[in-house]
Amino acid sequence: MKQVGILGGSGYTGSELLRLLTTHPDYEVKVVTGDSMAGHMVHELYPSLALAYPNLTYQAMKPEFMDGLDAVFCALPHGISQTVVPKSSIM
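If you want it as structure tokens, here you go:
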């Protein structure tokens, strides 16, 4: 099973990624960032994802959270993506 992360998982695109990944047998979401929702459970914002992610918590963006993941999806706004992604170890 591939372990993945989502940058910007509290917005619309990030929530759709979370939803789509619930149906994929080969991927497990290990980390999801959402600075405005840091510390909150995913299911607090998206109750429909409670069964799929009962313990997944939004984290503040720190590049080291992405270490060891097989893939990272970026759902951040363009202006933020261009500053975060080059600084991380995911490239």
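Numbering (the working numbering), first residue to last: 1033 to 1123. Positions of the beta carbon are idealized from the N, C-alpha and C atoms, including for glycine.
Look at the Cβ atom of residue i, then the Cβ atom of residue j, and state whether they are nearer than 7 Å.
i       : j       : result
Leu1088 : Val1064 : yes
Gly1041 : Leu1101 : no
Between residue i and residue j, which are expected to be in contact by the criterion C-beta below 8 Å, what is the C-beta distance as a whole number of angstroms?
i       : j       : result
Leu1050 : Leu1081 : 6 Å
Tyr1044 : Val1061 : With a Cβ gap of about 17 Å, Tyr1044 and Val1061 do not count as contacting.
Which residues in the same chain have their Cβ closer than 7 Å to the Cβ of residue i, if we skip the five residues on either side of it in sequence?
i       : result
Ala1124 : This structure does not reach residue 1124, given that the chain is present from 1033 up to 1123, and the question cannot be answered.
Ala1103 : Lys1034, Val1036
Ser1068 : Ser1042
CB-CB under 6 Å to residue i, same chain, minus the five flanking residues each way: which ones, in chain order?
i       : result
Phe1097 : Val1063, Gln1091
Leu1039 : Thr1065, Cys1106, Leu1108
Gly1072 : According to the sequence displayed, residue 1072 carries His and not Gly. Hits under 6 Å: Tyr1090.
Indicate the three-state DSSP secondary structure (helix, strand or coil) for residue i in the structure shown.
i       : result
Tyr1090 : strand
Tyr1078 : coil
Tyr1085 : coil
Leu1052 : helix
Met1069 : helix
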